[in-house]
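Taking the UniProt record's numbering, I'd label the letters of the sequence shown as residues 1 to 639. What follows is a single structure, written as structure tokens, with notes after it.
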Amino acid sequence: MAGNARACAWQRVILAQPCGQGYSPPPPPPPTHTHTHTHTHTHSLTHSLTHSLTHSLTHSLTHSLTHSLTQDQLNPCCNYPCENSGTCVRFGTERFECDCTRTGFHGDNCTVPEFWTRIHHLLKPSPDTVHYLLTHFHWLWDVINSSFLRNILMRVVLTVRSNFIPSPPTFNSKYGYLSWESYYNLSYYTRILPPVPEDCPMPMGTKGKAVLPDPRDLVTRFLIRKKFRPDPQGANLMFAFFAQHFTHQFFKTHHRMGPAFTRALSHGVDAGHIYGDNLERQLQLRLHQDGKLRYQLIYGEMFPPTTQEVPVAMSYPSSVPPSQRLALGQEVFGLLPGLTLYSTLWLREHNRVCDVLKEVHPTWGDEQLFQTTRLIIIGETIRIVIEEYVQQLSGYLLKLKFDPTLIFNDQFQYSNRISLEFNHLYHWHPLMPDSFLVDGQDITYPDFLFNTSVLLHFGVEKLVDSFARQQAGQIGGGWNVHARLQEVVELVIKESRALRVQPFNEYRKKFELKPYASFYEFTDDKEMARQLEELYGDIDALEFYPGLLLERTRDSAIFGESMVEMGAPFSLKGLLGNPICSPVYWKPSTFGGAAGFDIVNSATLERLVCLNSRWCPYVSFHVPRSEEDHRPRDPSTEL
């Protein structure tokens, strides 16, 4: 029953249909009005008086409440008075102190730099300068990438980025101060910044308006796509689906408990999206022979079993026949054929690696083969993410490298906690196209969603080839979310407000970025800036998630400065904080000897696909770059 309830929820949100209906187009969205009642051509006197009275009372009450709070009860920490990661501590009703310990600053508001901090800031280039250097001068990077300088720069990238993430974790949605509960309770997402204090006069603290913009109006005005805008960096749908598949192992909000809670208690790359997030689900998915996972054969090819064979809870609407309900590690992966594609590839890879280990270790039992293979799969995942996925995302000419030994001599915490902000930041819905072109057929959303027959009909090879050739959308800059995803985007904004996420500019300060002084600096679109100013009243009241999606993009980039500078630290700390990257784990014996270690160290997206398919299609996170790549692949081609 729980699986059916979740399926209904997905169907209501994604398909915009009541549970139990088939794939029919949704009704057109209702017109956006400030008032919900029906307007006539002539406004009645009663309506005018009511509107004026309501507006007057609301304004008076808001003004009185704000004045009262300002005079008598205003929490001084609502002003975010402590700069440079200083901690605001309230004493009584009016007094506060900023704890500047180990921030590199001192003074009442942690604004006076210490000597070495001043030197560091004088020498440190701006993020835009660093990004420009990393994305230009091909000849220079050709030299660096073929020399020892690559390792030096990669170590700098890893340590500088990771140092932004506090370890151990600090806050959560219940505790805006350091506590044992916020450290120990793994059921919460952690928080990089504490929630906005509950007794602030405004939703965002002390600035902006007393009422935040209506989420639907906000999304409709600034985020819904007018015309598909492709990613100028050339990311494709293989990239888009990988992003969703990979992150759903650690972004698993526990909706029954609330948006502050997670079901992914490992808080990192644990391959739980392949094996399940609990032991019961894992045991159901396992074959219990030679370490392998259960599967079905269709025309001699390996696919995930159905829920008839493996009765794990999955989120499918009732319109999906039982014979097409695939049993996967993550219960929502039946939603998109791109997710079932990656689930199939990792299923095949797991069982392939089991065969390799079985040959090398004939005395090993099922459990050791399974557990060691899981570590290898985790290692393969991290390598593909850093060397190909993040490489594509960054646009850097520095060739990124997965080598845990680079930071063995540095202080580093081999643990991780997933933060709420990282979860919200990663809602990259603009990546999705208007429709899906598979083997020459244009498939619309109603025929694509929850349709596992797309994978079974076209097969792995044709699906990979098609997704690799179709462009994904640009994430930043606004106006690029497909209308089908409107409610999902609205939900992120609503959850952010319910959990009192601090304003966008406060996060820029946290990641050592200059806060925007106005909406006209924030975006190049003057009309957008004017409307945002009208809705929010102050740039310091702009919300976190809308800020990330609406910020002006860098030149020829997939998104703006903030998404890169905030997202990269979360990502790299989570990847390198994995236990397999520690000095204790990172050695051949962990992975079953040289054979298993070689699989981890040679992992690529192309090998993942081509070692687990009948022929090797075009495989990349980037659309074809050359005439050779554009040419259709011959089914007889092998890796």
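We put the beta carbon where it would ideally sit given N, CA and C, even for glycine. Since we're looking at a predicted model, the values are computed, not measured.
Whole angstroms is fine: what's the gap from Ile378's alpha carbon to Leu572's? Locating residue 378 in the sequence shown gives position 378, counting from the first residue. Locating residue 572 in the sequence shown gives position 572, counting from the first residue. If you take the alpha carbons of Ile378 and Leu572, they lie about 15 Å apart.
Should residue 678 and Phe559 be called a contact, given that it needs their Cβ atoms to be closer than 8 Å? The structure shown does not extend to residue 678, since the chain is modelled only from 1 through 639, so no value can be given for it.
Grab me the residues of His55's own chain with a C-beta within less than 6 Å of its C-beta, minus the 5 sequence neighbours each way, in chain order. Residue 55 sits at position 55 when you count from the first residue of the sequence shown. Residue confidence is low: His55 scores 41 on pLDDT, short of 50, so the model does not pin down where it sits. Its coordinate-derived value is still stated next. Contacts found: none.
Measure the Cβ-Cβ separation of Arg352 and Leu611 and say whether it is below 8 Å. By 1-based counting over the sequence shown, the position of residue 352 is 352. By 1-based counting over the sequence shown, the position of residue 611 is 611. Yes, Cβ-Cβ distance for Arg352 and Leu611 is below 8 Å.
Alpha carbon to alpha carbon, what distance is there between Leu542 and Gly473? Taking the sequence shown and counting its residues from 1, the one referred to as residue 473 is at position 473. Taking the sequence shown and counting its residues from 1, the one referred to as residue 542 is at position 542. Answer to the nearest angstrom: the Cα atoms are 24 Å apart.
Would you be able to state if there are at least three C-beta pairs under 8 Å between the region 498-509 and the region 542-555? yes
What are the start and end residues of the alpha helix (DSSP H) that includes Asp217? In the sequence shown, the residue the question calls residue 217 occupies position 217. Counting along the chain, the alpha helix (DSSP H) containing Asp217 begins and ends at 215-222.
Does the region 270-282 come close enough to the region 341-359 to have 3 or more Cβ pairs within less than 8 Å? yes
Sequence-distant residues of the same chain with beta carbon closer than 7 Å to residue 643, five excluded per side: The displayed coordinates of the chain run from 1 to 639. Any statement about residue 643 would go beyond what the structure contains.
For a quick check, are the C-beta atoms of Val211 and Gly205 less than 8 Å apart? Translated into positions along the sequence shown, residue 211 becomes position 211. Translated into positions along the sequence shown, residue 205 becomes position 205. Not closer than 8 Å, so no.
Report the CB separation of Met154 from Phe621 in whole angstroms; it is logged as a contact under 8 Å. Along the sequence shown, read from residue 1 onward, the residue named residue 154 stands at position 154. Along the sequence shown, read from residue 1 onward, the residue named residue 621 stands at position 621. Between Phe621 and Met154 the Cβ distance is about 19 Å, and since that is not below 8 Å, they are no contact.
Assign Glu565 to one of two classes, buried (16 or more other C-beta atoms within 10 Å of its C-beta) or exposed (fewer than that). On the sequence shown, position 565 is the one that residue 565 refers to. Under this definition Glu565 is a buried residue.
Mapping DSSP to helix, strand and coil, what is Arg469? Counting from one through the sequence shown, the residue named residue 469 turns up at place 469. In the structure shown, Arg469 sits in a helix (DSSP, three-state: H, G or I).
Answer yes if the region 369-378 comes into contact with the region 319-335, meaning at least three C-beta pairs across the two stretches below 8 Å, and no otherwise. no
In the structure shown, what three-state DSSP assignment does Ile298 receive? Position 298 of the sequence shown, counted from the start, is the residue given in the question as residue 298. Correct three-state label for Ile298: strand.
Measuring straight from C-alpha to C-alpha, what distance separates Glu359 and Trp586? As a working note, residue 359 is residue 359 in the sequence shown. As a working note, residue 586 is residue 586 in the sequence shown. Each residue's Cα considered, the two are about 22 Å apart.
Rounding to the nearest angstrom, what Cα-Cα distance links Ser319 and Phe450 in this structure? Against the sequence shown, residue 319 aligns to sequence position 319. Against the sequence shown, residue 450 aligns to sequence position 450. Rounded to the nearest angstrom, the two C-alpha atoms are 9 Å apart.
Between which two residues does the beta strand (DSSP E) containing Val438 stretch? Numbered from its first residue, the sequence shown carries residue 438 at position 438. That run of the beta strand (DSSP E) goes 436-438.
State the Cα-Cα distance for the pair Pro194 and Phe171, rounded to the nearest angstrom. To locate residue 194, count along the sequence shown from 1; it is residue 194. To locate residue 171, count along the sequence shown from 1; it is residue 171. So the alpha carbons of these two residues sit roughly 6 Å apart.
Buried or exposed: which applies to Trp116, given that a residue is buried once 16 or more other Cβ atoms fall within 10 Å of its Cβ? Reading the sequence shown from its first residue, position 116 is the one you call residue 116. Exposed: under 16 other Cβ atoms inside 10 Å.
Residue(s) in a DSSP beta bridge with Ile378: Residue mapping note: residue 378 aligns to position 378 of the sequence shown, counting from 1. None; Ile378 has no bridge partner.
Close Cβ partners of Arg417 (< 7 Å) along its chain, the five nearest in sequence each way excluded: The residue given as residue 417 occupies position 417 in the sequence shown. Correct list, in chain order: Pro169, Thr190, His267.
Could you spell out where the alpha helix (DSSP H) holding Ile599 opens and where it closes? Mapped onto the sequence shown, residue 599 falls at position 599. Segment 594-601, the alpha helix (DSSP H) holding Ile599.
Buried or exposed by the 16-neighbour rule on C-beta atoms within 10 Å, applied to Leu140: Counted from its first residue, the sequence shown places residue 140 at position 140. Result: exposed.
Taking all protein chains shown into account, decide if Ser68 is buried (16 or more other Cβ within 10 angstroms of its Cβ) or exposed. If you number the sequence shown from 1, residue 68 lands on position 68. Bear in mind that the predicted position of Ser68 carries a pLDDT of just 42, short of 50, making it too unreliable to give a figure here.
How about Pro446 and Gln470: are their beta carbons less than 8 Å apart? The residue given as residue 446 occupies position 446 in the sequence shown. The residue given as residue 470 occupies position 470 in the sequence shown. Cβ atoms of Pro446 and Gln470: not closer than 8 Å.
Are the beta-carbon atoms belonging to Phe511 and Phe164 less than 8 Å from one another? The count along the sequence shown starts at 1 and reaches residue 511 at position 511. The count along the sequence shown starts at 1 and reaches residue 164 at position 164. Cβ distance < 8 Å, so Phe511 and Phe164 count as in contact.
Tell me, to the nearest whole angstrom, how far the beta carbon of Gln324 is from that of Glu309; I am working on the premise that it is less than 8 Å. As a first step, residue 324 must be located in the sequence shown, where it is residue number 324. As a first step, residue 309 must be located in the sequence shown, where it is residue number 309. Rounded, the Cβ-Cβ distance is 13 Å, inconsistent with contact.
For a minimum of 4 consecutive residues, which ranges assigned as the alpha helix (DSSP H) are wholly contained in the region 209-280? 215-222, 237-247, 272-275
Terminal residues of the beta strand (DSSP E) in which Thr101 lies: One-based indexing of the sequence shown puts residue 101 at position 101. No beta strand (DSSP E) holds Thr101; DSSP gives it neither H nor E.
In three-state DSSP terms, what is Asp442? Position 442 of the sequence shown, counted from the first residue, corresponds to residue 442. Looking at Asp442 - three-state DSSP - the assignment turns out to be strand.
Can the beta-carbon of Glu421 be found less than 8 Å from the beta-carbon of Phe544? Residue 421 sits at position 421 when you count from the first residue of the sequence shown. Residue 544 sits at position 544 when you count from the first residue of the sequence shown. Against a cut-off of 8 Å, the Cβ pair of Phe544 and Glu421 comes out as a contact.
Distance, Cα to Cα, Phe412 vs Pro569? Here residue 412 corresponds to residue number 412 of the sequence shown, with the count starting at 1. Here residue 569 corresponds to residue number 569 of the sequence shown, with the count starting at 1. Looking at the two C-alpha atoms, the distance is approximately 13 Å.
Going by Cα to Cα distance, which pick from Asp439, Leu437, Phe242 is closest to Leu608? Numbered from 1 along the sequence shown, position 608 holds the residue referred to as residue 608. The option with the nearest alpha carbon to Leu608 is Phe242.
What three-state label does DSSP hand Phe370 in the structure shown? Position 370 of the sequence shown, counting from 1, holds the residue named residue 370. Helix, per DSSP.
If we require 4 or more residues per run, which alpha helix (DSSP H) segments fall completely within the region 109-186? 115-123, 127-134, 138-145, 149-162, 180-184
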